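Just so you know, the sequence shown maps onto residues 653 to 846 in our numbering. The C-beta atom is built at its ideal place from N, Cα and C for all residues, glycine as well. Because the structure is a prediction, the values reported are computed rather than measured. First the structure, in the form of structure tokens, and then the observations on it.
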Amino acid sequence: MEETASAELSPPRPLEAESAALPGRELAEELHQTEYPALVRFLLLHGASWSEAQDAAQDAFTQMCAPGVAIRYPKAWLRTVAWRSWVTQQVRPEDTCAQPPEPRVVVRWQTPAHAAELDEEARRVTALLLELPAKQRAAMAWHLDGFTTQESARAMGTTQAAVRQNLARARAALRTGLGLEGADTARDVHGERR
């Protein structure tokens with residue numbers, strides 16, 4: 653019993669262990685099949701359309717294959733580069749000095765396969781995720797991809813405390829949006845609704 657409790661309280665294992673930087677081309681060949689779909693999903697959670705997510709994901713793998721590129725944390729590197737590529741797609745040439753725009757918050761099921769994979773509740777959760785402020789949405793996207801707060805903070809260029817705060821706010825907003833706020837406290841001691 654104590655073993656289970658201590659395992660639950662221990663910090664999550666890092667998604668990517670500290671290692672020496674490896675050549676990008678080798679990593680791209682190794683990771684493309686497994687990471688490409690996850691990378692597209694990551695960008696969709698940020699608000700990218702299906703085609704924008706695919707373009708940005710492919711751009712990240714292309715940049716990974718550039719001569720002289722060596723990468724220590726390839727999964728985080730791919731997500732960071734793909735996200736930047738997507739944001740660049742959103743900035744018009746005349747606005748290059750402007751802040752990156754807040755992504756359009758629209759749920760677009762542009763492929764029948766993607767729409768078929770999601771049930772109604774999954775669509776609702778995704779729509780709520782896309783309504784979150786950008787920092788909360790980013791923290792949740794990194795979290796949903798299995799990254800620890802330390803890894804997320806490093807990739808997002810922020811602190812672990814900021815990531816934890818944005819995750820807490822995102823979770824609270826999702827609970828409220830799903831009508832789960834106070835669901836456990838609305839029952840009396842016999843388990844009946846008040």
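* Asked: With contact counted as at least three CB pairs below 8 angstroms, one residue from each stretch, are the segment 711-720 and the segment 675-689 in contact?
  -> yes
* To do: Indicate whether Gln812 and Thr801 have their beta-carbon atoms separated by less than 8 angstroms.
  => yes
* To do: Within the same chain, show all residues whose beta-carbon is closer than 8 angstroms to that of Arg760, passing over the 5 residues directly before and after it, in chain order.
  => Unreliable placement is indicated for Arg760, whose pLDDT of 48 sits below 50; the coordinate value is still reported in the next sentence. For Arg760, where only same-chain residues beyond five positions count, the Cβ hits under 8 angstroms are Ser701 and Trp702.
* Output the boundary residues of the alpha helix (DSSP H) element that contains Pro726. => Pro726 to Gln742
* Residue environment, Ala597, which counts as buried when at least 16 other CB atoms sit within 10 Å -> Outside the modelled stretch of the chain, which goes from 653 to 846, sits residue 597, for which no answer is possible.
* To do: Give every residue of the same chain whose Cβ lies closer than 6 angstroms to the Cβ of Leu633, excluding the five residues on either side of it in the sequence, and list them in chain order.
  => Examination of residue 633 is not possible in this model, given that the chain is present from 653 through 846 alone.
* Taking just the CA atoms, how far does Val739 sit from Arg756? -> Any reading at Arg756 must be qualified, since the residue scores a pLDDT of 48, below 50, and its modelled position is unreliable; the value itself is stated next. Those two C-alpha atoms are separated by around 11 angstroms.
* Whether Leu691 touches Ala722 by CB criterion (8 angstroms) -> no
* Separation of Glu772 from Arg693, as counted between CA atoms -> 17 angstroms
* To do: Express the C-alpha separation of Gln685 and Thr778 in angstroms, rounding to a whole number.
  => 24 angstroms
* Cα-Cα separation, Glu704 to Gln817 -> Distance between Glu704 and Gln817, taken at the CA atoms: about 29 angstroms.
* Which residue spans inside the segment 773-812 form an unbroken alpha helix (DSSP H) run of at least 4? -> 786-796 and 801-808
* Do you know offhand how far Tyr725's Cα is from Asp711's? -> 17 angstroms
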